[in-house]
Amino acid sequence: MAAEEPMTSIRREIGARFRKLRRSREVLSRLLSLIVVSGLIGASIPLHPPGEGAAFGGQAGRRPPRRERPQAPPAEEKPSAEKSEEQKSTGVTSTSEQESKPPRPREQEVRVEGEPIRLKADLVTVPVVVFDKKTGRVYTGLKKQNFTVLEDGVKQEIVTFNGEESPITLVLLLEYSRQIEWFREEVINPAGLFVTRFVKPGDYIAIVAFDIRPAVLTDFTDSPARLREAIYLLIRNYPAFSESNLFDALSFVLRGGELDGVEYTGLQQIEGRTAILLVAIGIDTFSKINYDEARRIVENAGVPIYAIGIGELAYILLEHRLPPESRLTFLQAQNTLKTFAEVTGGRFYSVRFQGALPSVLESISVMLRTQYTLGYTPTNPRREGKRRRIQVLVDVDGDGKPDNDRLEVQHRRSYIEPKGEKK
1 MAAEEPMTSI RREIGARFRK LRRSREVLSR LLSLIVVSGL IGASIPLHPP
51 GEGAAFGGQA GRRPPRRERP QAPPAEEKPS AEKSEEQKST GVTSTSEQES
101 KPPRPREQEV RVEGEPIRLK ADLVTVPVVV FDKKTGRVYT GLKKQNFTVL
151 EDGVKQEIVT FNGEESPITL VLLLEYSRQI EWFREEVINP AGLFVTRFVK
201 PGDYIAIVAF DIRPAVLTDF TDSPARLREA IYLLIRNYPA FSESNLFDAL
251 SFVLRGGELD GVEYTGLQQI EGRTAILLVA IGIDTFSKIN YDEARRIVEN
301 AGVPIYAIGI GELAYILLEH RLPPESRLTF LQAQNTLKTF AEVTGGRFYS
351 VRFQGALPSV LESISVMLRT QYTLGYTPTN PRREGKRRRI QVLVDVDGDG
401 KPDNDRLEVQ HRRSYIEPKG EKK
């Protein structure tokens, strides 16, 4: 036994040194990953040049796919020479004619901070999903004549209508801060699988990640391969910043703007069915706008937000490392997401357990596919910056009487009128 002790000691020493070396290699690998992702998310530097089909490219700088407004007269056809010049300026060849037509932006002006949006066309859009109160069944196949819109109690004429069969333009907005580092794959993988399976011909999806600032991983595309590539970019890297400027990210997605020298179109400028799928904890750190400004932006945009709150999951996993008072912070963050979803006519989901996300995404998929979008021009000429209430009545059986008593009608409830001269 005495002769074996030196060999045992040597083996233990070798094992200890091997484990120490392995840990050092893991730390080095982790540091290199952080350096890479710091350049990716922190500085929003594309890994490939725009326009070459990689994440950040393909459609970077392009307006989202253009679709004609229902019931509108067809647009005049451009001469072929002029069309060729347009294709040259956008970098789109004649073989991708469908992708070169982004959804038609609404006529509107982007408001300055703290002021309501000024709509030149005064078109108010109301996304609607109709459920049966008892069974939870979603009503499909409804037509324009099944709906009545009231603004402050006054009936409005529905001038645009998009049924559930119409294409949809969707933005997947993902938090990519260090707060989700320990369970990022459990969040990102299901979300990525969802968008690649959800997209259908005519649909367009963009993926935007945010921490201290938003980063467009892929602009509006109908390519599942391009969406998968963008998601893989997040999986193979690590979050670089602890900050999560949620309000700025929502403002960018809805209102558009310039990012890294590229001009992006906001969802509120796009006609037809639109939505945001937001996956975040909900804590905002250092956004340039505050909560009230962010709420006004989302409320006036006419774009439903389907918010998946992962704050409870984060708190459960990190509770042993957090101070007791942090519980209130997570609850406030959850309430923020819930409010944004409710005022936009979307829905809020809270995820508490790993593995719960796929079923939540399936529910959202059903609602997105059965969402109607109504548009009307308000008859009230008042322009005093006051709130206007919206009510949607639904007659599902066509007898001329609303059936709201037995229905749950999910839609935006109000908006703030522009401030200025009367029409």
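Here the numbering used here is used: the first residue of the sequence shown is 1, the next is one more, and so on.
Yeah, the Cβ is synthetic: ideal placement off N, Cα and C, and Gly gets one too.
The structure displayed is predicted, hence computed values, not measured ones.
Using the Cα positions of residue i and residue j, report the straight-line distance between them to the nearest angstrom.
i	j	result
E151	V216	36 Å
R369	K133	19 Å
I416	T125	13 Å
S365	F198	7 Å
F247	T160	30 Å
E325	V138	41 Å
T140	T379	29 Å
P418	E384	7 Å
V149	Y306	22 Å
E258	P214	11 Å
L227	V129	27 Å
Y204	L170	6 Å
E263	T218	14 Å
G355	L313	11 Å
I180	T196	22 Å
R389	I158	16 Å
V298	F340	7 Å
V396	Q410	15 Å
G256	E271	14 Å
G202	E362	20 Å
Would residue i and residue j be called neighbours here (beta carbons separated by less than 8 Å)?
i	j	result
T336	P304	no
A230	I207	yes
V253	L267	yes
S244	I281	yes
F210	E175	yes
I235	N189	yes
L142	Y372	yes
I316	V360	no
P127	R178	no
N237	V394	no
Can you say whether residue i is buried or exposed, counting buried as having 16 or more other CB atoms within 10 angstroms of its CB?
i	result
N290	exposed
V168	Checking the sequence shown, residue 168 turns out to be Ile, not Val. It is buried - the Cβ of I168 has at least 16 other Cβ atoms within 10 Å.
R273	buried
L251	Before going on, a small fix: residue 251 reads as Ser here, not Leu. By the neighbour-count rule (16 or more Cβ atoms within 10 Å), S251 is buried.
A191	buried
I283	buried
R412	buried
V187	buried
S287	buried
L357	buried
R184	buried
A275	buried
L172	buried
Looking at the unbroken alpha helix (DSSP H) that takes in residue i, where does it start and where does it end?
i	result
L259	Segment G256 to L259 is the beta strand (DSSP E) holding L259; no alpha helix (DSSP H) there.
R331	First, the amino acid is wrong: residue 331 is Leu here, not Arg. S326 to T344 is the extent of the alpha helix (DSSP H) around L331.
R369	L357 to R369
P190	R184 to F198
E229	P224 to I235
Could you tell me the boundaries of the beta strand (DSSP E) in which residue i lies?
i	result
G375	Y372 to Y376
I305	I305 to G309
Y291	Y291 -> not in any beta strand (DSSP E); alpha helix (DSSP H) instead, spanning Y291 to A301.
P214	P214 to T221
P127	V124 to D132
R425	With the chain covering only 1 through 423, there is no way to say anything about residue 425.
Under 8 Å between C-beta atoms, does residue i make it to chain D?
i	result
I416	No chain D appears in the structure shown, which is made up of a single protein chain.
Closer than 7 Å: is that where the CB of residue i sits relative to any heavy atom of the ligand FAD?
i	result
E263	Of ligands this structure carries none, so the ligand FAD is not represented either.
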